[in-house]
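Structure record follows, encoded as structure tokens.
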Amino acid sequence: MTGTKITFETIRGMKNRGEKIAALTGYDFPMTRLLDMAGIPLILVGDSLGMVVLGYPDTTHVTMAEMEHHVRASARAKPRALLVADLPYRSYEAVDCAVQNARKLLVAGAEAVKAEGGRAIVEQVRAIVQAGIPFMGHLGMLPQKVLEEGGYHVKGKLEQEHADLLADAEALVGAGAFAIVLELVTPPVARELTRKLPVPTIGIGSGAECDGQILVTPDLLGMLPWFSLKHVKPKLNAAEQMRAVIAQWKTSVEGQASAPA
Ligand code: KIV
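Count the sequence shown with the numbering used here and you get residues 1 to 261, in order.
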């Protein structure tokens, strides 16, 4: 893509300019290139790749080596978009590991990192930002906690969850996060956070009143018919179209006359 390179400052400034942020996930060279050609300004190499690319049951199985491999593939598309990468499960439990692993993702080609949590990881976030690495937060339902929490639950319904979300978001902003993903946060709480925070909120299943939206691209394109999600209605039935073309091609090959012996 041509045009000025999008940086974390560009993304942070979109809130003040009143520009909505349309972000998507990309895990490899072709998808990252297509998203960039469509003008998506922020592409996330999400650890959702564990489920949508690698076939794991959840994101807790994703390793640093797998993240680095996919970040390298996406970065080869040289997107104009800001390329953000997830720090995977247990890769940021201690401050020194968090910085070391964030650096590895940058070496692989990411331009910013994302990790899940608020006050619990604020020292890690501060150290990452102080090391010169742009950081994007992730609050609400935290997929890396799916086993501890026994499923994917909407956050913000209870007064304590509401208070925790506000305190966590303020802690992330204080530590230098340039944007915060809000996953499965009740729309009124997501709206309140969006109004209060100086950095953009990027929602997923959190209502329309965030500064931007992010989706897992295969969910948007209908590539995974075996997953059904409440917060996203596929805009394409890519899985069915691909299956039909493959079956047609198979039939055409099987119907070809054999060469005479
Ligand atoms: O891993 C991922 O794809 C994400 C998005 C759902 C925000 O974190």
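Backbone N, C-alpha and C define an ideal beta-carbon position, used for all residues, glycine too.
To which residues of the same chain is residue i closer than 6 Å at the C-beta, ignoring the five residues directly before and after it?
| i | result |
| --- | --- |
| Gly203 | Leu182, Ala190, Cys210, Gln213 |
| Gly3 | Arg80 |
| Arg41 | Checking the displayed sequence, the identity of residue 41 turns out to be Pro instead of Arg. Within the same chain, Pro41 has close Cβ partners Ile6, Ala81. |
| Val95 | Glu123, Gln124, Ala127 |
So if DSSP puts residue i in a beta bridge, which residue, or which two residues, is it bridged to?
| i | result |
| --- | --- |
| Gln130 | Answer by DSSP bridge pairing: none, since Gln130 is not bridged. |
| Ile43 | Leu24, Leu83 |
| Ala179 | Met136 |
What did DSSP end up calling residue i once you bin it into helix, strand or coil?
| i | result |
| --- | --- |
| Thr10 | helix |
| Gln100 | helix |
| Lys114 | strand |
| Lys235 | coil |
| Lys5 | coil |
| Phe135 | strand |
| Lys230 | coil |
| Ala73 | helix |
| Lys155 | strand |
| Gly50 | helix |
| Pro188 | helix |
| Thr251 | helix |
| Glu19 | coil |
In terms of alpha-carbon separation, which member of the options lies closest to residue i?
| i | options | result |
| --- | --- | --- |
| Glu116 | Tyr89, Glu240, Asn237, Val84 | Tyr89 |
| Ser91 | Gln124, Ala208, Glu192 | Gln124 |
| Val146 | Arg243, Ile6, Arg33, Met51 | Met51 |
| Gly151 | Pro57, Gly174, Leu224 | Pro57 |
| Ser74 | Ala110, Pro187, Glu19, Asp47 | Ala110 |
| Phe8 | Leu83, Val45, Arg72 | Leu83 |
| Val173 | Asp219, Glu149, Ala120, Pro198 | Pro198 |
| Leu221 | Lys235, Val113, Val53 | Lys235 |
| Ala22 | Ser258, Ala257, Leu49, Ala38 | Ala38 |
| Ile133 | Ala102, Val185, Trp249 | Ala102 |
| Trp226 | Met67, Gly55, Gly118, Leu139 | Gly55 |
| Val62 | Leu224, Thr194, Pro143, Glu148 | Pro143 |
| Ala163 | Gly176, Glu149, Val185, Ala175 | Val185 |
| Gly140 | Leu34, Asp36, Ser206 | Ser206 |
Who are the Cβ neighbours of residue i in its own chain at under 8 Å, not counting the five residues just before and after it?
| i | result |
| --- | --- |
| Glu159 | none |
Which residue marks the beginning of the beta strand (DSSP E) containing residue i, and which one marks its end?
| i | result |
| --- | --- |
| Leu184 | Neither: Leu184 is in no beta strand (DSSP E) and is coded neither H nor E. |
| Gly203 | 201-204 |
Between which two residues does the alpha helix (DSSP H) holding residue i run?
| i | result |
| --- | --- |
| Gln160 | 159-175 |
| Gly212 | It is not in any alpha helix (DSSP H) - Gly212 instead sits in the beta strand (DSSP E) that spans 212-215. |
| Glu149 | 146-149 |
| Asp36 | 29-37 |
Within the 7 Å Cβ cut-off, does residue i reach chain E?
| i | result |
| --- | --- |
| Gly109 | The question asks about chain E, but that chain is absent: this structure has only one protein chain. |
Short of 7 Å in beta carbon distance, which residues of its chain neighbour residue i, apart from the five on each side in sequence? Order them along the chain.
| i | result |
| --- | --- |
| His31 | Looking at the sequence shown, residue 31 is not His but Met. Closer than 7 Å at Cβ, skipping near neighbours: Thr217. |
| Ala177 | Val125, Phe135, Met136, Gly137, Val199 |
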